[in-house]
Amino acid sequence: MASGFSLKDQLFNREKVRYLAGLFAAAEPGFDAEAFEAQVMAELPSLELKQRMTLIAEVLADHLPEALPAAAPVLLKALPPPLDPGRTDDDFGDFIFAPLGEYVAAKGVAAHPDLVMDRLQAWREAGAQDRKELDWMTSHALRGLVKAGHPRAMAMLGYDPELTLDALIAVPDQVRIGEALDFSCRLQGAAGAPVLVDYILHFQRPGGKASAKVFKLKQARITGGVLELGKKHKLKGDATTFKLVPGPHRIELMVNGKVRAGAEFELLPEG
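Position in the sequence shown counted from 1, then plus 37, gives you my numbering.
Right, here's the structure in full:
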């Protein structure tokens, strides 16, 4: 009986790994393509798709200069020639380049944010990668900066941090530990404007301090000039990694990296 289709084997296999190794060997004389291929293929067959991507990124780090500023020019030089701009087949490009985004993220975007964004922008301007694939790589590499609301990272992903809009968020006055915080929000702005909406919960901690955590809400467009969203956030009383403390709490609505609205609520002991 014939085996079924395997996406992981189509996207990440020996042929693809050898192709990537050849590009880096051509870009950097000291890059050992055979050793890179052997190191990757020793583990790759037993891994799932995302694990394969992580593996290639980790092995790549072993074979490139340790410092990201020194490795970045090699990454740029290793990219293939620009794709045909007249192509209309909606091809996603070669996914073997996806681990480059994983590599950049792992090397410490927080430590070198401008360098990373400069390099991603240079790749985009060079047209050396399929746009959809580069969009994915950019989103993956900048995910930490986006969560922190970094303005340039937001702009690179197509979200205007200075977008003019009105925002409201509504929450109940009180909610008990073990229940769900049922909140709703309303955005009013330019019709069709893309928005990345997150919410921040400021949790009460022992000793009176507060701890903020960012949660994803929605990627959308303000269709018709108005966008209404809602969510029920479960406030688990039995979580082992984060213990809830009764007391005053705050929720904030962050749109395209900027806090646009907020509200207070009282977290009551579990009933």
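No residue lacks a Cβ here, since even glycine has one placed at the ideal position from N, Cα and C.
How would you call K246, buried or exposed, if buried means at least 16 neighbouring beta carbons within 10 angstroms?
The residue is exposed, with fewer than 16 neighbouring Cβ atoms inside 10 Å.
Compute the distance between the beta-carbons of I206 and A298, then report whether it is under 7 Å.
Yes, Cβ-Cβ distance for I206 and A298 is below 7 Å.
With the cut-off set at 7 Å, would you say V296 and A257 are in Cβ contact?
No, these two residues do not count as a Cβ contact at 7 Å.
Taking the straight line between their C-alpha atoms, what separation do you get for E52 and G59?
In a straight line, the C-alpha of E52 is about 11 Å away from that of G59.
Let me know the secondary structure DSSP gives A219 once reduced to three states.
For clarity, residue 219 is Asp in the given sequence; the question names Ala instead. Correct three-state label for D219: strand.
I'd like to confirm the pairing. Which residues does DSSP put opposite R258 in its beta bridges?
R258 is bridged to P231.
Rounded to a whole number of angstroms, what is the C-alpha to C-alpha distance between L182 and L112?
The alpha-carbon atoms of L182 and L112 are separated by roughly 21 Å.
Give me, in chain order, the residues of the same chain whose beta-carbon lies closer than 8 Å to that of M291; leave out the 5 immediate sequence neighbours on both sides.
Excluding positions up to five away in sequence, the list reads G186, V234, D235, Y236, I237, V251 and R297.
Can you tell me which of the three DSSP states R87 falls into?
Reading the sequence as shown, one finds Lys at residue 87 and not Arg. Residue state, collapsed to three classes: helix.
Should A190 be labelled buried (16 or more other beta-carbon atoms within 10 Å of its own) or exposed?
The residue is buried, with at least 16 neighbouring Cβ atoms inside 10 Å.
Between F68 and A98, what straight-line distance do the alpha-carbon atoms span, to the nearest angstrom?
Distance between the alpha carbons of F68 and A98: 11 Å.
Taking the CB atoms as reference points, tell me whether G29 and I214 lie closer together than 7 Å.
Any property of residue 29 remains undetermined from this structure, which presents the chain solely from 38 to 308.
Note down the Cα distance separating G44 from G267, rounded to an integer number of angstroms.
The amino acid occupying residue 44 in the given sequence is Leu; Gly does not appear at that position. If I take the Cα positions, the gap works out to 35 Å.
Rounded to a whole number of angstroms, what is the C-alpha to C-alpha distance between E303 and D210?
Answer to the nearest angstrom: the Cα atoms are 6 Å apart.
Kindly indicate the opening and closing residues of the alpha helix (DSSP H) around H177.
Note, H177: alpha helix (DSSP H), R168 to A178.
Which one of V77, F61 and A70 has the shortest CA to CA distance from N50?
Selected option, being the one with the closest Cα: V77.
Should Q241 and V282 be called a contact, given that it needs their Cβ atoms to be closer than 7 Å?
Closer than 7 Å, so yes.
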